[in-house]
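Student: Residue numbers (this note's numbering), protein chains in the order written: chain A, 57 to 283; chain B, 743 to 1053. C-beta atoms are modelled at their ideal positions from N, C-alpha and C, and glycine is treated no differently. One structure, pasted below without further comment.
As structure tokens, this is what we get:
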């Protein structure tokens, strides 16, 4: 029998700053400083599985449009840590500001790998997101909406799969896109001098706006260190 | 993905109850029918092909992929959901009735149902509905017969640990492949990637030996699986209804390697059969009593033949 389940992603984003700081995923735009252009962040949570991640972002202070560029790497839990992973590279920029309300956008390229008894997948995709939030120096909260698209994927099936499931299966690159999920949720955080504690939770929905991933939620608890 | 009977005309097929089903039969046409009913919903009969050897013992052995499963015709999810409160009857019982009618050559020809997992649940439900039309019932590890038991068994057989590779293998793939509700090829393919071994139930992959066909083409029915569970949640079916009227001995099989099917569960699930013989298959898992050719040849087939001869 097969499985049906839930999917939950807990994304915690964290970052910090205090005079200059940004976070890879979750940023306090009110707390950016030219003195602290570097941001290291670590997070644990759920995003298509139980995950842990590390990242680095660098601030490019463009007056009203501060830009953070950087990347992060995460792996899901399991006894084979190297078989699945996700790497993101990209940028996050503040687009608009009105009093303490700010709107930012994020664009990232994604490389990710998946392996189980049947198949090894290598995928390149994209992630676009927008965040509208209320930002103060020591805390912030906001809503986030985004779309994660698996654009092109390489399939390599195992001998086990060919011997037990389908012997004529084709290996190779497959396009058009093999998947895509929308996500939306809440994010917030508390900022101290050099450290931010962030939290992000939300829901996932497949691109047909009807089906749900096995874990239909995400969540992440993160810590940012600015220097 | 392997083509279904709708795209591949060379596949053996029958037309039953408005659906084209992948199906074949072996053995003398007029001898006792043994209808093999696969698991799932959404599985296929390939893993049951060891049962084909019963044909050499003089039985007429019938295999069929259920509607929406294996290499049989696909239907949209809404079709299943539109069957309403009588869905199980319309989708599965009427289909089995049609399969029996298709292969039965005379009214006196005996019919024995042999079901595994979901197939055993279906066989029990059908026998309870038509107790006088079935001459023998062989059930291998029906997860549960009352809906709450089905749910409990499914949860137990998939109680993956939070940090396990197994759980993340099941969830992490959703960011790589996402199919829309009725994109059968994508959804079936994705399900097939998950159809590997399951340590909890003790399945290790089918070993069919010389009973394997010349090709490997197993296809999951993801839509019928999802629709069936949703229908089950909606209608809370009791597959044991009427089985108390089946006075013929039932052959109830369970396995030693299925951690989700301990002796206590076997005792509970088998309690609804008024007349039964219980057999614990040692050294195999949920499907192993059928899909492991050595166990089948040395243990299971002789037991089944002995049971049939005792009727």
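Could you tell me which of 130(A), 265(A) and 138(A) sits nearest to residue 99(A), measuring between CA atoms?
Tutor: 130(A)
Student: May I ask which residues mark the beginning and end of the alpha helix (DSSP H) holding residue 844(B)?
Tutor: Where residue 844(B) is concerned, the enclosing alpha helix (DSSP H) stretches over 836 to 845.
Student: For the pair the stretch 911 to 928 of chain B and the stretch 166 to 173 of chain A, tell me if three or more CB-CB distances fall below 8 Å.
Tutor: yes
Student: What residues in the stretch 254 to 272 of chain A bring their beta carbon closer than 7 Å to a beta carbon of chain B?
Tutor: Result list: 262, 263, 264, 266, 267, 269, 270 and 271.
Student: From what residue to what residue does the beta strand (DSSP E) around residue 210(A) run?
Tutor: 195 to 213
Student: To the nearest angstrom, report how far apart residue 877(B) and residue 856(B) are at their CA atoms.
Tutor: 11 Å
Student: Closer than 7 Å by C-beta to residue 871(B): which residues in its own chain qualify, once you throw out the five before and the five after it? Chain order, please.
Tutor: In chain order, 835 and 984 place their CB closer than 7 Å to the CB of residue 871(B), counting only its own chain and leaving out the 5 sequence neighbours on each side.
Student: In chain B, which residues lie less than 8 Å from residue 226(A) when you measure between Cβ atoms?
Tutor: By Cβ distance, chain B contributes nothing, its closest Cβ being about 10 Å from residue 226(A), past 8 Å.
Student: According to DSSP, simplified to helix, strand and coil, what is residue 980(B)?
Tutor: strand
Student: Cutting at 7 Å between CB atoms, please list the residues of its own chain near residue 844(B), excluding the five before and the five after it.
Tutor: These residues qualify, in order along the chain: 756 and 758.
Student: Using a beta-carbon distance below 8 Å, is residue 77(A) in contact with chain B?
Tutor: Its pLDDT being 34, under 50, residue 77(A) is placed unreliably in this model, and the coordinates cannot settle the point.
Student: Using DSSP bridges, identify the partner residues of residue 126(A).
Tutor: Beta-bridge pairing by DSSP links residue 126(A) to 113(A) and 146(A).
Student: Need the endpoints of the beta strand (DSSP E) that residue 97(A) sits in, please.
Tutor: 94 to 102
Student: For residue 138(A), count neighbouring C-beta atoms within 10 Å of its own C-beta (all shown protein chains included) and say buried if the count is 16 or more, exposed if not.
Tutor: exposed
Student: When DSSP labels each residue in this structure, what does residue 1032(B) get in the three-state scheme?
Tutor: For residue 1032(B), the secondary structure class from DSSP, reduced to helix, strand or coil, is helix.
Student: Would you please verify whether the beta carbon of residue 748(B) is less than 8 Å from any beta carbon of chain A?
Tutor: no
Student: Can you say whether residue 97(A) is buried or exposed, counting buried as having 16 or more other CB atoms within 10 angstroms of its CB?
Tutor: The Cβ neighbour count for residue 97(A), taken over all protein chains shown within 10 Å, is at least 16; the residue is labelled buried.
Student: For residue 1026(B), which option in 1040(B), 955(B), 1019(B) and 875(B) has the closest C-alpha, if you only look at C-alpha atoms?
Tutor: 1040(B)
Student: Given this structure, state the Cα-to-Cα distance separating residue 212(A) from residue 173(A), to the nearest angstrom.
Tutor: Approximately 11 Å, taken between the alpha carbons.
Student: Starting from the C-beta of residue 1088(B), find all residues in its chain whose C-beta is less than 8 Å away, skip the five residues before and the five after it, and write them out in chain order.
Tutor: Since the first residue of chain B shown is 743 and the last is 1053, residue 1088(B) is not available in this structure.
Student: Just mark residue 753(B) as buried or exposed, buried being the case when its beta carbon has 16 or more other beta carbons within 10 Å.
Tutor: buried
Student: Can you check whether the CB of residue 743(B) is closer than 8 Å to the CB of residue 875(B)?
Tutor: no
Student: Go through the stretch 890 to 973 of chain B residue by residue and report every complete run of the beta strand (DSSP E) that reaches 3 residues or more, in order.
Tutor: none
Student: Would you mind reading off the limits of the alpha helix (DSSP H) that contains residue 227(A)?
Tutor: Looking at the DSSP string, residue 227(A) is not in any alpha helix (DSSP H), and its letter there is neither H nor E.
Student: Which residues mark the beginning and the end of the alpha helix (DSSP H) in which residue 882(B) is found?
Tutor: Careful: residue 882(B) lies outside any alpha helix (DSSP H), inside the beta strand (DSSP E) at 878 to 882.
Student: Use the C-beta contact count for residue 114(A): other C-beta atoms within 10 angstroms, 16 or more gives buried, fewer gives exposed.
Tutor: The C-beta of residue 114(A) has fewer than 16 other C-beta atoms within 10 Å across all chains shown, which makes the residue exposed.
Student: Per the contact definition of three or more C-beta pairs closer than 8 Å, is the stretch 959 to 970 of chain B in contact with the stretch 804 to 819 of chain B?
Tutor: yes
Student: Candidates 949(B), 884(B) and 776(B): which alpha carbon is nearest residue 860(B)'s?
Tutor: 884(B)
Student: To the nearest angstrom, how far is the alpha carbon of residue 250(A) from that of residue 887(B)?
Tutor: 59 Å
Student: Would you check if the distance between the CB atom of residue 198(A) and the CB atom of residue 190(A) is smaller than 8 Å?
Tutor: yes
Student: What residue range is occupied by the uninterrupted alpha helix (DSSP H) comprising residue 1008(B)?
Tutor: 1005 to 1012
Student: How about residue 883(B): is its C-beta nearer than 8 Å to some C-beta of chain D?
Tutor: Of the protein chains in the structure, A and B, none is chain D.
Student: Output, in chain order, the set of chain A residues within a Cβ distance shorter than 8 Å of residue 923(B).
Tutor: What residue 923(B) touches in chain A, judged by beta-carbon distance under 8 Å, is 264, 266 and 267, going in chain order.
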